[in-house]
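K.L.:
Handing you this structure, nothing more for now.
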Amino acid sequence: MIHIQQLKYKYPKGIEISFPDFEIKSGEEILILGASGCGKTTLLHVLGGLLPVTSGKVIINDIDITLLKGNKIDQFRGENIGVIFQKPHFARALTLHENLAFAQKAAGRKVDHKRIHHLLDRLGISQHIDKSPSKMSEGEKQRMSVAMALINKPALLLADEPTASLDDEHANEVIQLLREMASEENSALVIVTHDSRLKEAFAERTLTLSKLH
Ligand SMILES: Nc1ncnc2c1ncn2[C@@H]1O[C@H](COP(=O)(O)OP(=O)(O)OP(=O)(O)O)[C@@H](O)[C@H]1O
Numbered sequence: 259m260i261h262i263q264q265l266k267y268k269y270p271k272g273i274e275i276s277f278p279d280f281e282i283k284s285g286e287e288i289l290i291l292g293a294s295g296c297g298k299t300t301l302l303h304v305l306g307g308l309l310p311v312t313s314g315k316v317i318i319n320d321i322d323i324t325l326l327k328g329n330k331i332d333q334f335r336g337e338n339i340g341v342i343f344q345k346p347h348f349a350r351a352l353t354l355h356e357n358l359a360f361a362q363k364a365a366g367r368k369v370d371h372k373r374i375h376h377l378l379d380r381l382g383i384s385q386h387i388d389k390s391p392s393k394m395s396e397g398e399k400q401r402m403s404v405a406m407a408l409i410n411k412p413a414l415l416l417a418d419e420p421t422a423s424l425d426d427e428h429a430n431e432v433i434q435l436l437r438e439m440a441s442e443e444n445s446a447l448v449i450v451t452h453d454s455r456l457k458e459a460f461a462e463r464t465l466t467l468s469k470l471h
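Position 114, counted from 1, in the sequence shown is what this note's numbering calls 372; the numbers after and before it change by one each time, with no gaps.
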């Protein structure tokens with residue numbers, strides 16, 4: 259279970275942003291929609307423990323991550339939070355298998371070959387297991403980003419603008435995939451986007467951030 263309570267972030271020498279409260283159960287989802295500049299990326303970074311808050315709580319599985327410092331937040335993130343960034347984050351010099359094995363080791367876990375094979379099979383990219391991600395198509399790279407984010411069975415899966423620059427058909431496919439995977443893995447899914455096409459699909463699970471200026 260994820261709870262967000264009275265969250266505020268202030269940029270050094272910049273504005274302070276207040277975020278609405280919300281909660282998500284494991285295997286459930288929320289769409290965070292907002293126009294450019296309203297604080298979506300900032301919220302994503304705060305939820306991922308990548309930015310320290312000014313006040314408020316981000317509670318993930320009973321732990322308020324805003325209280326974790328230094329190595330502790332890095333370790334918690336590795337074990338409990340998966341982030342799908344807009345641009346893929348993997349090592350081009352490593353194969354898909356090596357990238358996923360590295361992500362497991364970085365979270366302090368043993369390499370679980372079965373888990374790597376399961377995810378690559380499930381995402382339909384197992385034929386590329388021994389290739390560099392740089393040799394895959396953009397759609398396949400996005401699937402690999404999903405595998406990287408899910409490899410350590412995170413409680414929280416964050417996706418940053420996953421449909422940016424995709425046509426309607428591909429946008430629907432990606433959203434369906436994210437929903438299915440989050441539900442199968444029992445991860446809470448947070449999608450941060452300006453793509454109002456997604457509003458309909460998430461009807462009752464949409465939170466719209468208001469404009470700051
Ligand atoms: N490093 C910074 N210092 C000061 N203010 C900042 C900084 N980064 C962002 N901001 C301001 O904070 C607000 C929110 O920025 P943020 O990047 O979170 O918005 P966003 O909704 O993700 O926008 P976009 O969709 O255009 O990427 C904006 O008004 C921005 O100008």
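For every residue, glycine included, the Cβ atom is placed at its ideal position computed from N, Cα and C.
Return yes when the C-beta of I449 is under 7 Å from any heavy atom of ligand 1, and no when it is not.
P.N.:
The count along the sequence shown starts at 1 and reaches residue 449 at position 191. Every heavy atom of ligand 1 is 7 Å or more from the Cβ of I449, so no.
K.L.:
Just reading off the beta strand (DSSP E) that H261 is part of, what are its end residues?
P.N.:
In the sequence shown, residue 261 corresponds to position 3, counting from 1. Unbroken beta strand (DSSP E) run through H261: I260 to K268.
K.L.:
How would you call K298, buried or exposed, if buried means at least 16 neighbouring beta carbons within 10 angstroms?
P.N.:
Start at 1 with the first residue of the sequence shown, and residue 298 comes out as number 40. Its Cβ being crowded by 16 or more others within 10 Å, K298 is buried.
K.L.:
Report all residues from its chain with a CB closer than 7 Å to the CB of K389; omit the five preceding and five following residues, and keep chain order.
P.N.:
For the purposes of this step, residue 389 is taken as the residue at position 131 of the sequence shown. Closer than 7 Å at the Cβ level, and outside the excluded window around K389, lie T353 and L354.
K.L.:
Should S454 be listed as close to ligand 1, given that the test is whether its C-beta is under 7 Å from any heavy atom?
P.N.:
Here residue 454 is taken as the residue at index 196 of the sequence shown, counted from 1. No - ligand 1 has no heavy atom lying nearer than 7 Å to the Cβ of S454.
K.L.:
If you compare alpha carbons, which of G292, K283 and H386 is closest to S468?
P.N.:
Counting from 1 along the sequence shown, the entry for residue 468 is found at position 210. Comparing Cα-Cα distances from S468 to each of G292, K283 and H386, the minimum goes to G292.
K.L.:
By the three-class DSSP mapping on this structure, what secondary structure does S276 have?
P.N.:
Here residue 276 refers to the residue found at position 18 when the sequence shown is read from its first residue. Correct three-state label for S276: strand.
K.L.:
May I ask you to verify whether the region 448-457 touches the region 417-428, counting CB pairs closer than 8 Å and requiring at least 3?
P.N.:
Output reads yes: the region 417-428 touches the region 448-457.
K.L.:
Starting from the C-beta of V432, find all residues in its chain whose C-beta is less than 7 Å away, skip the five residues before and the five after it, and write them out in chain order.
P.N.:
What you label residue 432 is simply residue 174 of the sequence shown in a count that begins at 1. Counting only Cβ-Cβ distances below 7 Å, and skipping sequence neighbours, we find Q400, P420, T421 and L424.
K.L.:
Is the closest heavy atom of ligand 1 to the C-beta of L275 under 7 Å?
P.N.:
For this step, residue 275 is matched to residue 17 along the sequence shown. The sequence as given places Ile at residue 275; Leu does not occur at that position. Answer for I275: yes, Cβ within range of ligand 1.
K.L.:
Three Cβ pairs or more, each shorter than 8 Å: is that satisfied between the region 303-320 and the region 330-347?
P.N.:
With the cut-off at 8 Å, the region 303-320 and the region 330-347 touch.
K.L.:
Based on the DSSP output, what are the partners of K315 in its beta bridges?
P.N.:
Stepping through the sequence shown from its first residue, residue 315 is reached at position 57. K315 is bridged to Q263.
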